[in-house]
Amino acid sequence: MKIGVIGGGQLGRMMALAGIPLGLRFYFLDPSTEACAGDVGTLVLGAYDDTAAIDRLLSLVDVVTFEFESVPAETVAYIAQSKPVFPTADALAIARERWAEKSLFQSLDIPTAPVYKIDSQQDVVDAFAQIGVPAIVKTRTLGYDGKGQRLLKSDADIAGLFDALGGVPLIYEGFVDFDYEVSCIAVRSADGETRVYPLVENVHRQGILHCSTPLADHRLQPQATAIAKQVLDHMQYVGVLTFEFFVQGDHLVANEVAPRVHNSGHWTIEGAQCSQFENHVRAISGLPLGSTQMLGHSMMFNLIGCPIDVPALLAVPGSCVHDYRKAPKPGRKIGHVTVIAQGPDELRERAAQLAPLINNDLSGE
Ligand code: AMP
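In this note's numbering, the protein residues as written are 887 to 1251.
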């Protein structure tokens, strides 16, 4: 089977690295000749709204998927006219718009921060009256890694806010005083089978994921699994869907979903029986899903902005290096390293050896 991927970055690259052994072939639509997925499949060069390029891709593939959610809706609708697309246009529309996402959670009784939809300065004033501060205002679309967000600490931060943020649709969210952040990666097949990976604790630095640690038998796993199954079934979703939650005591507060494989799931390549990438390509190509069970203990660190010292990283026992072959630029994810261990003590020891080697440059693109 031939898989078309919209986007030729590291997520597409890792999908192909997982799918090639299953006999799948990969074709990537990307505007850049340097797209790093070009190492493991065929690049179809073109912008994401270039119909001629999309037609070239469609002539080569059996099924289409995405490595990012901000694909123009028209592109998704156009592709869906001729080839199966996973996730579907409906699922993408929900996941790329924060209000739609929060409304979905609320309609399914899944706890979220208090939220208010903002389309004017008057809405900001009303949201402040209802929710107060501290709060976070976020753009409803195209926000990621903390971009397009503003923390509000007092009523002084409200004045002129709508225009200051560009007069674009926003969401006003009450600040959640969370204990820590977790994500949950889940996959659903076309015939409705769902599998859920262990919860992952995520630590961010300057809004960018720094490291992820899967948590064995976490007390909130049953809650996360139930939410994941509920949302996947409701959306009739096919493929990997990632949930981001805040942990507050004994509760999960849903923040957002990403309709794709996710950075916080990179540990699954070595740390789970079947990786998120393999399960995604299995789901969209109609193959049976694989086990999401953890293998031993693992932890993933992102490599951001600086050249990767592969020999130094590999000198740490249990480390598995992934260099995406992208030119280093401040703030740009260019690789990751997962360290695996037999038990928690060994993991701590190995992670401590790795930590000083992670010289990330987060100064922004
Ligand atoms: P997001 O783009 O929604 O994933 O937000 C980026 C980061 O901002 C999250 O990972 C949190 O660390 C923080 N954040 C977002 N929303 C809230 C909230 N309502 N309360 C507290 N922190 C938040």
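We treat Cβ as the ideally placed atom computed from N, Cα and C, and that holds for glycine. Note that the structure is a prediction, hence the values are computed from the model and not measured.
Checklist entry - Taking the runs of the alpha helix (DSSP H) that are 4 residues or longer, which of them lie wholly in the segment 932-957? => result 937-946
Next on the checklist: For Ser-1205, list the residues DSSP reports as bridge partners.
Outcome noted: Val-1225
Checklist entry - Say the cut is 7 Å; is the CB of Phe-1064 nearer than that to a heavy atom of the ligand MN? => result The ligand MN is absent from the structure shown, which contains only the ligand AMP.
Checklist entry - By how many angstroms is the C-alpha of Asp-1043 removed from the C-alpha of Ser-1069? => result 30 Å
Item to check | Cutoff 7 Å; reference Ala-979; Cβ partners in own chain excluding five residues on either side | outcome: Ala-959 and Ala-986
Checklist entry - Under a Cβ-count criterion, where at least 16 other Cβ atoms within 10 Å of its own Cβ denotes burial, should His-1137 be classed as buried or exposed? => result exposed
Checklist entry - In or out: Glu-1059 buried (at least 16 other Cβ within 10 Å) or exposed? => result buried
Next on the checklist: So, with DSSP's three-state summary, where would you put Glu-1251?
Outcome noted: Its pLDDT being 48, under 50, Glu-1251 is placed unreliably by the model, and the measurement read from it follows with that caveat. Looking at Glu-1251 - three-state DSSP - the assignment turns out to be coil, as it is neither helix nor strand.
Checklist entry - Relative to the alpha-carbon of Asp-1012, which residue among Pro-973, Phe-1048 and Ile-940 has its alpha-carbon at the smallest distance? => result Phe-1048
Item to check | Of the listed residues Asn-1149, Gln-1122 and Lys-1115, nearest to Ile-1094 (C-alpha basis) | outcome: Asn-1149
Next on the checklist: Just verifying my parser: in three-state terms, what is the DSSP assignment at Ile-1071?
Outcome noted: strand
Checklist entry - How many Å lie between Gln-1016 and Met-901 at the Cα? => result 44 Å
Checklist entry - Does the separation of the CB atoms of Arg-1081 and Asn-1165 fall below 8 Å? => result yes
Checklist entry - Using CA coordinates, which residue listed in Ser-1184, Arg-1168 and Glu-1067 is at the minimum distance from Arg-1234? => result Ser-1184
Checklist entry - Mind checking whether the beta-carbon of His-1090 lies closer than 7 Å to any heavy atom of the ligand AMP? => result yes
Item to check | Pairwise C-alpha distance: Ala-938 and Asp-1063 | outcome: 48 Å
Checklist entry - Using the beta-carbon count (16 or more within 10 Å), is Glu-1251 buried or exposed? => result Here the model assigns Glu-1251 a pLDDT of 48, short of 50, so the residue's position is not dependable and the matter cannot be decided.
Next on the checklist: Rounded to whole angstroms, what is the Cα-Cα separation between Phe-1014 and Val-957?
Outcome noted: 32 Å
Next on the checklist: Just checking Asn-1141 against the ligand AMP - is the residue's beta carbon closer than 7 Å to any of the ligand's heavy atoms?
Outcome noted: yes
Item to check | Pair within 8 Å by beta-carbon distance, Arg-1091 and Tyr-1123 | outcome: no
Checklist entry - Given Gly-1229, which residues of its chain have a CB within under 7 Å of its CB, disregarding the five upstream and five downstream residues? => result His-1183
Item to check | Best match in Phe-952, Phe-954, Thr-928 and Glu-955 for proximity to Arg-849 [C-alpha to C-alpha] | outcome: It is not possible to answer for residue 849, since the shown part of the chain is limited to 887 through 1251.
Checklist entry - Taking C-alpha atoms, which residue in Ile-1071, Ala-921, Pro-917 and Ala-1140 lies nearest to Ala-999? => result Ala-1140
Item to check | Contact check, Leu-1056 vs Ile-1022, beta carbons under 8 Å | outcome: no
Item to check | Option nearest Val-1167 by Cα separation, candidates Leu-1127, Tyr-1210, His-1120 and Asp-1247 | outcome: Leu-1127
Item to check | Buried versus exposed call for Ala-904 [16 or more other C-beta atoms within 10 Å across all chains shown] | outcome: buried
Item to check | Run of the alpha helix (DSSP H) containing Asp-1231, from where it starts to where it stops | outcome: 1230-1240
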